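**Q** Those protein sequences? They're chains A and B, same order as listed.
Numbers 0 to 218, taken from numbering that gives the first Met the number 0, label the letters of the first sequence in order.
Numbers 0 to 85, taken from numbering that gives the first Met the number 0, label the letters of the second sequence in order.
To start, I am sharing the structure in question, which I have written as structure tokens.
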Amino acid sequence: MIVQWPCPGGDEFAVAIDRGRRFRLLIVPPLFAEMNRTRRWLNGTMRALDLRGIDSVMPDLPGTNESQQPFAAQSLHAWRTAMARAARHFDSTHVLALRGGALVFPNVLPGWVVDPVSGSTLLRQLLRARLIAAREAGRHEDSANLLELARSDGIELAGYDCSPALIAGLDSARPLDEGQREIRLGELGGAPLWLRAEPGDDPAQAERLATLIAAEIAA
Amino acid sequence: MSDDCDAALRAVLGDVLGLNAARLAALTPESALLGALPELDSMAIATLFGAIEDRFAVVFDDAELTGDTLADYASLLALVHGKRPA
Numbered sequence: 000m001i002v003q004w005p006c007p008g009g010d011e012f013a014v015a016i017d018r019g020r021r022f023r024l025l026i027v028p029p030l031f032a033e034m035n036r037t038r039r040w041l042n043g044t045m046r047a048l049d050l051r052g053i054d055s056v057m058p059d060l061p062g063t064n065e066s067q068q069p070f071a072a073q074s075l076h077a078w079r080t081a082m083a084r085a086a087r088h089f090d091s092t093h094v095l096a097l098r099g100g101a102l103v104f105p106n107v108l109p110g111w112v113v114d115p116v117s118g119s120t121l122l123r124q125l126l127r128a129r130l131i132a133a134r135e136a137g138r139h140e141d142s143a144n145l146l147e148l149a150r151s152d153g154i155e156l157a158g159y160d161c162s163p164a165l166i167a168g169l170d171s172a173r174p175l176d177e178g179q180r181e182i183r184l185g186e187l188g189g190a191p192l193w194l195r196a197e198p199g200d201d202p203a204q205a206e207r208l209a210t211l212i213a214a215e216i217a218a
Numbered sequence: 000m001s002d003d004c005d006a007a008l009r010a011v012l013g014d015v016l017g018l019n020a021a022r023l024a025a026l027t028p029e030s031a032l033l034g035a036l037p038e039l040d041s042m043a044i045a046t047l048f049g050a051i052e053d054r055f056a057v058v059f060d061d062a063e064l065t066g067d068t069l070a071d072y073a074s075l076l077a078l079v080h081g082k083r084p085a
């Protein structure tokens, strides 16, 4: 179900399956388009976790999804603060961070990271998508110039209005995992949905992720 | 051109474009990519090149990310193959 939670800058929404149980997992989703590509799959993972006796919550990052806050006001720092606040609000005992979610998750919690990615890799991909789109439209853009502009004035990348602060964060951020276990794609089987051009689903893979978490959370 | 390079490139295309095994197996060197696959928008192209870089441990120059490279399967395979150490 959808619940509201208090976040700096205004209330935010979260998908939550909360039956007041002992294990309570905070899910920090991937960033940008990868968030949309994995949303159904992560919802399926939450239902699979529920069947295994684990509560879970997936909060919106401010400025994304159902959030009322402007994307242009966001930074990695703001997302980090928000996710730490969500962990406190929902009394999370564990965390699962995926891809760019590993740049902003509360790493004081035990848990798992899936295919963590550096901010510079994400930024490079977004800049490239813009270069390719410009080229298709017959304009020439140059990634070094674009990055300079982005650092000083902010930039629109793949429909996201990125502030200079977000660009600066992405430019230098590395995954924050510290003792969390890294889950490799080989353990999950199937294809990485976060790479897929169209949002997809893989219920069997969601079951395997939930099974793996359930086995290790109680160990 | 080595078979493992071909197989790995097909696998990356499958991951990014969500092509099933039958569609992947049906890819020939002449199979058109850009223009023939509606999934290949600018974000998907950027994702595809990023995934290829990860899989093959190579780095592309911006100048290499052109429509020519993605004209057909042979042109993409040639680019990847040319990047790998002999």
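The beta-carbon is built from N, C-alpha and C at its ideal position, and this holds for glycine as well.
Treat the numbers as computed from the prediction; the structure is a model and nothing was measured.
1) Using the beta-carbon of each residue, which ones in chain B are nearer than 9 angstroms to A157 of chain A?
2) For the candidate residues B:A45, B:D14, B:L18, whose alpha-carbon lies nearest to that of L133 of chain A?
3) Specify, as a first and last residue, the run of the alpha helix (DSSP H) that W78 of chain A falls within.
4) Quick one: is G100 of chain A near chain B, going by C-beta distance under 8 angstroms?
5) Report yes or no: do the stretch 101-119 of chain A and the stretch 168-185 of chain A share at least 3 C-beta pairs separated by less than 8 angstroms?
6) Is the number of C-beta pairs between the stretch 87-96 of chain A and the stretch 13-27 of chain A that are closer than 8 angstroms three or more?
7) With a threshold of 6 angstroms on Cβ separation, who are the neighbours of V112 of chain A within its own chain once the five nearest residues in sequence on each side are excluded?
8) On the DSSP bridge list, what partners appear for A15 of chain A?
9) Looking at the unbroken beta strand (DSSP E) that takes in G110 of chain A, where does it start and where does it end?
10) Taking the alpha carbon of E147 of chain A as the point to measure from, which residue in A:Q73, A:L126, A:A157, A:L184 has its own alpha carbon closest?
11) For E197 of chain A, which residues in chain B fall below 8 angstroms Cβ to Cβ?
12) For my contact list, A164 of chain A and S74 of chain A are in at a C-beta cut-off of 8 angstroms; report their separation, rounded to the angstrom.
13) Can you tell me the Cα-Cα spacing of D52 of chain A and R23 of chain A, whole angstroms?
**A** Taking the geometry as given:
1) S41, M42, A45
2) The amino acid occupying residue 133 of chain A in the given sequence is Ala; Leu does not appear at that position. The candidate whose alpha carbon is nearest that of A133 of chain A is B:A45.
3) 75-88
4) no
5) yes
6) Counting Cβ pairs under 8 angstroms, three or more are found: they touch.
7) A96, A101, D176, Q179, E181
8) A:V56
9) 110-113
10) The candidate whose alpha carbon is nearest that of E147 of chain A is A:L126.
11) Chain-ordered, the chain B residues with CB closer than 8 angstroms to the CB of E197 of chain A read G17, E38.
12) 4 angstroms
13) For clarity, residue 52 of chain A is Gly in the given sequence; the question names Asp instead. Cα-Cα distance, rounded: 10 angstroms.
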